[in-house]
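Encoded as structure tokens, the structure appears first; notes follow it.
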Amino acid sequence: MHLIAAAQMVSTADKAHNLDVATRLVRQAASLGAHLVGLPENFSWMGPEPERPSAAEGLDGPTLSRMAELARGTKTTLLAGSILEEGAPGGRLYNTSVLFGPDGARLAVYRKMHLFDVDVGDGATYQESAAVAPGTEVVAADTVVGRLGMSVCYDLRFPELYRRLSKDGATLLAVPAAFTMMTGKDHWEVLLRARAIENQAYVLAPAQGGRHSAQRLTYGHAMVVDPWGLVTARASEGEGLALAPVDPELQARIRRNLPCLAHRRLD
């Protein structure tokens, strides 16, 4: 068995501070025996929307270079939850998740496909697509813990993506997120457990959790869910870690005894 860790942060517009927090949490998780650590969506920067372009970087920029070195230094597989990546068409950005191996090599890059253009009813309206372009590729990669399917936050509401990842052999689904308080309190855990049950997969869900500014409050509750849909580790609010084991034998037994993936029909 391998330990995995979902980190929880309260990122702000202070990128240097955010990266220091991320580094500390990853090192802490590694010291506790985690083989895979996930950081949340927008782990490196959460600031005013008009300032997004100035916070964006390339894949070889300082933030991801530091994450590669962190993975190598801790000998962990590291999911850099997401950053704002420059270079999308029309002057927009991507919301990009990057997976690093324990040697610091870049294993996979996923760009968030479903963008958060909603009025959640808490007095705030979100229009992610005003600055961010959607990704177009479904991405999974092999890790020491299993085959990891990548997604980001709002993707969680679209089960078709996770079926594609499951069909591609994913045994672990990563959902780095920054759910709002309004949606998170009613939907976050339900959706994570549903994706785990539907795909008989582990779910690693790093999260933003706390007060980022006067206008932004996120739900938190980073967690790990097993293939039976049980929450095996959970954070609450503020910085922290949710650590839990991945048991391939348990997963194989669930898939063997309740073979719903094999019973799936499209006709």
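Note that numbering that gives the first Met the number 0 gives residue 83 to position 84 of the sequence shown, counting from 1, and the numbers run on in steps of one.
Glycine residues also receive a C-beta, built at the ideal position from the N, C-alpha and C atoms.
Predicted model only: the values in this text are computed from it and were never measured.
Comparing alpha-carbon positions, which option in 217, 148, 228 and 143 lies nearest residue 8? 217
For residue 212, the nearest candidate out of 206, 11, 149 and 5 (CA to CA): 11
Residue from 117, 136, 32 and 145 whose Cα sits closest to the Cα of residue 109: 136
Residue 236 beta carbon less than 7 Å from that of residue 219: yes
Throw me the rounded Cβ distance for the residue 200 and residue 169 pair, which I believe falls under 8 Å. 6 Å
contact_flag[the segment 225-236, the segment 125-143] where n(CB pairs < 8 Å) is 3 or more: no
Answer with buried or exposed for residue 51, where buried requires no fewer than 16 other C-beta atoms within 10 angstroms of its C-beta. buried
DSSP bridge partner residues for residue 41 (one or two, in chain order): Paired residues: none, contrary to the question.
Quick check on the DSSP output: what are the complete beta strand (DSSP E) runs of length 3 or more inside the segment 10-70, in order along the chain? 33-37
In this structure, does DSSP put residue 164 in helix, strand or coil? helix
Reference residue 112, options 63, 73, 174 and 72, closest by Cα: 174
When the Cα atoms are used, what is the spatial distance from residue 93 to residue 54? 12 Å
Burial state of residue 154 (16 or more Cβ within 10 Å): buried
Contact check, residue 133 vs residue 160, beta carbons under 7 Å: no
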